[in-house]
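At position 105 of the sequence shown the residue is numbered 105 (my numbering), and the sequence of numbers has no breaks.
Ideal placement from N, C-alpha and C gives every residue a C-beta, glycine not left out.
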Amino acid sequence: MKNNFLNISVTNIYSKPSLKSEVTSQILYGEKFKVLSKKRNWVKIKTSFDNYIGFIKQNKFYEKFKPSLKISKLKSKIFRKQNNRYIPTDKFLYFGTGIVALNEDRNYFEYKKNKWIRKKDLKKINYVEKNFLKVIKLFLGCKYMWGGKTSNGIDCSALIQIYFYYNRIFFPRDTKDQIKFCKKKISKKINKGDIIFWKGHVGMSINQLNFIHAYGPKKKVLIMPTKHTIKLISKTANLSVKKITNIKNY
């Protein structure tokens, strides 16, 4: 099976070949995947980064793509060039997206025909951001959306995974797979960078007292007291903590 690469800013991955089915994840511009099968206007795919399987709408995908830069802002506005001026569009590329720099002009890179991105929004593709809180806190206040992984909407497991995706380090997409993948922390003391798992939910401690997560009941990414959150989830969802690990282990 040959590799394909997404050629639009973002697209939903569905559980079935139907817009009425559940959105389970998303893939971003330039993201690599293999087509497992085709059915009418749908393709069943397996992503290369995290081996995620689902259905996306049929399109003319790129067959070759080797990014040299990546988006380091929450979202980066796309511009078009007209009469030597850069005109903002209503479209964006999203955090972690890789691009190929086709042309360079002053403060912009062209990544697609007459689609330009500000240089200041980009880092080299092999740049590694070691400050995980800097990445995850970018999404504070963003809308909670099941299956989402952009500033337009993100879910709890994507909020953790996006740090690894930005650094091009493997980490599973869904909470259930993250729990299996991660090693249990021996110490019971909560520290900065601890990833706390429940059945179907995950978040991360930003220090010994507070916790950041994409929280469905509050419909956004927010910071809450850790002990309060553990008690709240126990009370409202009847769920206890399944595992604690630390982001620095990966």
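The residue from Y52, R85, F92 with its alpha-carbon nearest to that of D177 is Y52. Per DSSP, A214 is one residue of the beta strand (DSSP E) stretching across 210 to 215. By the neighbour-count criterion, in which 16 or more other beta carbons inside 10 Å mark a residue as buried, T89 falls on the exposed side. Along the segment 36 to 100, the beta strand (DSSP E) occurs as fully enclosed runs of 3 or more residues at 42 to 47, 53 to 57, 69 to 71, 75 to 82, 85 to 94, listed in sequence order.
Note that the segment 77 to 86 does not touch the segment 191 to 201; fewer than 3 beta-carbon pairs, one per stretch, sit closer than 8 Å. Around the beta-carbon of N131, fewer than 16 other beta-carbon atoms lie within 10 Å, marking it exposed. Straight across, the Cα-Cα distance linking L239 with V35 is about 37 Å. According to the DSSP assignment, K231 belongs to the alpha helix (DSSP H) that extends over 226 to 237. One alpha carbon belongs to T24, the other to F109, and they sit about 32 Å apart.
DSSP places F164 in the uninterrupted alpha helix (DSSP H) bounded by 156 to 166.
Contact annotation, Y62 with N107: C-beta distance approximately 26 Å; criterion of less than 8 Å not satisfied.
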